[in-house]
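Below: the structure, in structure tokens.
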Amino acid sequence: MTHEAQAAEQRGYRLLRYACILYIVGFALHTADHFRRGTDTLTPEVFWLAGVANVVGVIVIALVFTGHSLAPLAAVVKGFTSAILFAAVHFLPEWSAFSDAFPGGAERGVEATSWAGALIEIAGLLAVGAAGTYMLVIRSRRSPMAHGTASHGASSGHFPNAG
15 MTHEAQAAEQ RGYRLLRYAC ILYIVGFALH TADHFRRGTD TLTPEVFWLA
65 GVANVVGVIV IALVFTGHSL APLAAVVKGF TSAILFAAVH FLPEWSAFSD
115 AFPGGAERGV EATSWAGALI EIAGLLAVGA AGTYMLVIRS RRSPMAHGTA
165 SHGASSGHFP NAG
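Offset between the sequence shown (1-based) and this note's numbering: plus 14.
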């Protein structure tokens, strides 16, 4: 890897770490809001969906902060998928057992701080997805295949073990 490629990779991981920090802040605010409102306001479906999403989030954060090679791909999947699901659960009016609708949720304790925490968490998730995408683009640009040169195999006109 060239010095320039290493520097780009380091910038990408730094961006991904900052995005994770924003996500962690939003996650903490949103979780605190759920405890303030009471977890009994959640359906079992929302509770377990959130639990699985949170476990995946912790795994992605660990991948990012350890510099794992799968971190960018995991960040893209987690960030964009969870942002969409999160918005569907909280920002749409009551639509199913997978709803914890904020619109009309005053009787369940939804306040401005609920909205703020949720918006920060979604911003963090989108940032995680975008930073992961950025890193994947950086990697694809430094790949030999991205420059139209094949290094080996049938695509370069060579057939291994052809006698």
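Virtual Cβ for every residue (Gly too), placed ideally from N, Cα, C. These numbers come from a predicted model, not from an experiment.
Nearest-angstrom Cα separation, counted from residue j out to residue i
{"i": "V91", "j": "G146", "result": "9 angstroms"}
{"i": "H17", "j": "I38", "result": "31 angstroms"}
{"i": "H166", "j": "A64", "result": "Caution applies to H166, whose pLDDT of 45 falls short of 50 and renders its modelled position unreliable; the value that the coordinates give is listed next. Going by the C-alpha atoms only, they are around 45 angstroms apart."}
{"i": "N175", "j": "A101", "result": "Because the pLDDT at N175 is just 46, under 50, the model does not fix this residue reliably, and the value given afterwards should be weighed accordingly. So the two alpha carbons sit approximately 54 angstroms from each other."}
{"i": "S154", "j": "R25", "result": "15 angstroms"}
{"i": "D54", "j": "R156", "result": "50 angstroms"}
{"i": "I75", "j": "V69", "result": "10 angstroms"}
{"i": "Q20", "j": "L150", "result": "14 angstroms"}
{"i": "A111", "j": "P58", "result": "8 angstroms"}
{"i": "V72", "j": "V78", "result": "10 angstroms"}
{"i": "G118", "j": "W62", "result": "23 angstroms"}
Host alpha helix (DSSP H) of residue i (start-end)
{"i": "F94", "result": "85-105"}
{"i": "T127", "result": "126-156"}
{"i": "F41", "result": "17-51"}
{"i": "G65", "result": "58-79"}
Test item: CB-CB of residue i and residue j under 8 angstroms
{"i": "A89", "j": "L30", "result": "yes"}
{"i": "L56", "j": "G131", "result": "no"}
{"i": "A115", "j": "E121", "result": "no"}
{"i": "S96", "j": "L139", "result": "yes"}
{"i": "G52", "j": "E135", "result": "no"}
{"i": "Y27", "j": "G81", "result": "yes"}
{"i": "A33", "j": "V103", "result": "no"}
{"i": "P152", "j": "A22", "result": "The sequence shown places Ile at residue 152, not Pro. In contact: I152 and A22 (Cβ atoms closer than 8 angstroms)."}
{"i": "L194", "j": "A137", "result": "Outside the displayed span of the chain (15 to 177) sits residue 194, for which this structure offers no information."}
For residue i, the nearest candidate out of the options (CA to CA)
{"i": "V60", "options": "S113, L133, I152, S128", "result": "S113"}
{"i": "V124", "options": "F105, M15, I136, F94", "result": "F105"}
{"i": "A144", "options": "Q20, P86, S110, F100", "result": "P86"}
{"i": "F49", "options": "W62, S128, I75", "result": "S128"}
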